[in-house]
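Trainee: If you scroll down you'll find the structure; I have some questions about it.
2 protein chains.
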Amino acid sequence: MDQNQSRTYTIQEAAEEMQISADTLRYYEKIGLLHPIPRDQNGRRMYGEPDLGWIYWLKLLRDSGMPIRTMKDYVNLTRSGDDDDTIQARCAILEEHRNQLRGKIAHLKDCLDKITKKVEFYQGYRMRPGRRASKKR
Amino acid sequence: MDQNQSRTYTIQEAAEEMQISADTLRYYEKIGLLHPIPRDQNGRRMYGEPDLGWIYWLKLLRDSGMPIRTMKDYVNLTRSGDDDDTIQARCAILEEHRNQLRGKIAHLKDCLDKITKKVEFYQGYRMRPGRRASKKR
DNA sequence: ACTTGACTTGGAGTGTGCTCCAGGCTTTAG
DNA sequence: CTAAAGCCTGGAGCACACTCCAAGTCAAGT
Chain A
264 MDQNQSRTYT
274 IQEAAEEMQI
284 SADTLRYYEK
294 IGLLHPIPRD
304 QNGRRMYGEP
314 DLGWIYWLKL
324 LRDSGMPIRT
334 MKDYVNLTRS
344 GDDDDTIQAR
354 CAILEEHRNQ
364 LRGKIAHLKD
374 CLDKITKKVE
384 FYQGYRMRPG
394 RRASKKR
Chain B
264 MDQNQSRTYT
274 IQEAAEEMQI
284 SADTLRYYEK
294 IGLLHPIPRD
304 QNGRRMYGEP
314 DLGWIYWLKL
324 LRDSGMPIRT
334 MKDYVNLTRS
344 GDDDDTIQAR
354 CAILEEHRNQ
364 LRGKIAHLKD
374 CLDKITKKVE
384 FYQGYRMRPG
394 RRASKKR
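Sequence lines, in order, name chains A and B.
For the first sequence, our numbering assigns the number 264 to the initial residue and increments by one for each residue that follows.
For the second sequence, our numbering assigns the number 264 to the initial residue and increments by one for each residue that follows.
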């Protein structure tokens, strides 16, 4: 029953793969968002596929606007086993986040519409009959 | 040809009306996003309806994620007259921003979907047959 | 043997956008 | 006359999430 022997990644490789900076990867590990990554005999990090999977998920949460503090709460729950309790707590965090995200998306859409209207207004303004074109420098 | 005599607002009133802090209003004025607001004989700001309109627009741009630096560029253009040149430049800024915004909305939607899938996974996991419920504390 | 380059660490520094504070002024209420 | 409320200013401070740095280690290349 070996570990999955699939390739490992240096921090740079992992960073590139995940579209995130190496500094950020170290930072996430330092603050505990990321479990301690296995090292080679020289103390260098070796990221494995499952690590990348987890990083992907962290990045997804961050990109969607979850604050790091909340991510830590979530991460801590993933480390306290898979009892109904903690699964439910994780769901609660994600669902709360989903609500915020939905609200945010709706708000952004609304902003987008209003900005679009402004652009249309400008375009109408430029087309206005009887308007002198500007001096072209 | 009087000015519009409609009511004026103190900074607190304006802040409340616009859902923004009084500090932020002063800050926006200080950095020039907001033109100098007329004062009463004691030096206190008196916001008028058109000021509120402008603040609303600023807030819209900020809420939609436009950085303050870009807002300043935009604001400066609104102060350099209404030549085709500047109107076009303003449109360019807004359209660029719209593109970013659309991208962002799409990305957020994508994140939302993935988070939704995760929640569904958790729910499936909790329903899994043969699973012992956790101790209920 | 030496240089190069990728990695390590702890900790300091940065950018953004506010947010708060001290000290001062004026009007209003008691 | 005093006290409280609300505003003013310049400037300091803060929260967040990185981002950068100096000094060091190690291994491979020439």
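For glycine and all other residues, C-beta sits at the position ideal for the given N, C-alpha and C.
1) Mark R308 of chain A as exposed unless 16 or more other C-beta atoms lie within 10 angstroms of its C-beta, in which case mark it buried.
2) Mark D314 of chain A as exposed unless 16 or more other C-beta atoms lie within 10 angstroms of its C-beta, in which case mark it buried.
3) Got a sec: which bits of the stretch 331 to 361 of chain A sit with their beta carbon under 9 angstroms from any beta carbon on chain B, in order along the chain?
4) Near R342 of chain B, what residues of its chain come up, given a Cβ to Cβ distance below 6 angstroms and the 5 sequence neighbours on each side ignored?
5) Quick check on the DSSP output: the alpha helix (DSSP H) that includes R325 of chain B runs from which residue to which?
6) Can you find at least 3 beta carbon pairs, one from the stretch 334 to 348 of chain A and one from the stretch 316 to 325 of chain A, that sit closer than 8 angstroms?
7) Under 7 angstroms Cβ-Cβ, which residues of chain A neighbour T379 of chain B?
8) Straight-line CA distance for I356 of chain B to L321 of chain B?
9) My output table needs one value for R307 of chain B: the three-state DSSP class, helix, strand or coil.
10) Could you have a look at R353 of chain A and say whether DSSP puts it in helix, strand or coil?
11) Taking only beta-carbon atoms, is D314 of chain B less than 9 angstroms away from chain A?
12) Note down the Cα distance separating A285 of chain B from W317 of chain A, rounded to an integer number of angstroms.
13) Thinking C-beta only, is L375 of chain A closer than 9 angstroms to R365 of chain B?
14) What is the DSSP secondary structure of R365 of chain A, reduced to helix, strand or coil?
15) Below 8 angstroms on the Cβ atoms is my contact criterion, and I expect V338 of chain A with L288 of chain A to pass it. Report the Cβ-Cβ distance as a whole number of Å.
16) Mapping the DSSP letters down to three states, classify R270 of chain B as helix, strand or coil.
17) Report buried or exposed for R302 of chain B, applying the criterion of at least 16 other Cβ atoms within 10 angstroms of its Cβ.
18) Once the 5 residues before and after Q282 of chain A are set aside, which same chain residues still bring their CB inside 8 angstroms of it?
19) Answer yes or no: do L340 of chain B and R353 of chain B have a C-beta to C-beta separation smaller than 9 angstroms?
20) DSSP three-state call for R332 of chain A: helix, strand or coil?
21) DSSP three-state call for R289 of chain B: helix, strand or coil?
22) A386 of chain B CB to nearest chain A CB: under 9 angstroms?
23) Between A:Y310, A:I300, A:F384 and A:Q351, which has its C-alpha nearest D345 of chain B's C-alpha?
24) Roughly how many angstroms separate the alpha carbons of T273 of chain A and E279 of chain A, rounded to a whole number?
25) Y319 of chain A and A277 of chain A look like a contact to me (Cβ under 8 angstroms); what is the Cβ gap, rounded to whole Å?
26) Going by the DSSP bridge assignment, what does R342 of chain A pair with across the sheet?
27) So with Cβ pairs under 9 angstroms, would you call K399 of chain B a contact of chain A?
28) Determine whether the Cβ of H298 of chain B lies closer than 9 angstroms to any Cβ atom of chain A.
29) Is the shortest distance between the beta-carbon of I318 of chain A and the beta-carbons of chain B less than 9 angstroms?
Mentor: This is what the structure gives:
1) buried
2) Classification for D314 of chain A: buried.
3) G344, D345, D346, D347, D348, T349, I350, Q351, R353, C354, L357, E358, H360 and R361
4) Here the set comprises nothing.
5) E312 to D326
6) yes
7) R361
8) 14 angstroms
9) DSSP, read as helix, strand or coil, puts R307 of chain B in coil.
10) helix
11) no
12) 42 angstroms
13) Result yes, Cβ atoms of R365 of chain B and L375 of chain A sit closer than 9 angstroms.
14) Correct three-state label for R365 of chain A: helix.
15) Wrong, their Cβ atoms sit about 15 angstroms apart, outside the cutoff.
16) coil
17) exposed
18) K322
19) yes
20) helix
21) helix
22) Here residue 386 of chain B turns out to be Gln, not Ala, going by the sequence shown. It does; some Cβ of chain A falls within 9 angstroms.
23) A:F384
24) 10 angstroms
25) Contact doesn't hold; Cβ gap of about 11 angstroms is too wide.
26) DSSP, once it has assigned bridges, lists no residue as partnering R342 of chain A.
27) Residue placement at K399 of chain B is poorly supported in this model, since its pLDDT is 43, which falls under 50; the coordinates still yield a value, given next. Yes, because at least one Cβ of chain A sits closer than 9 angstroms to the Cβ of K399 of chain B.
28) no
29) Output row for I318 of chain A: interface = no.
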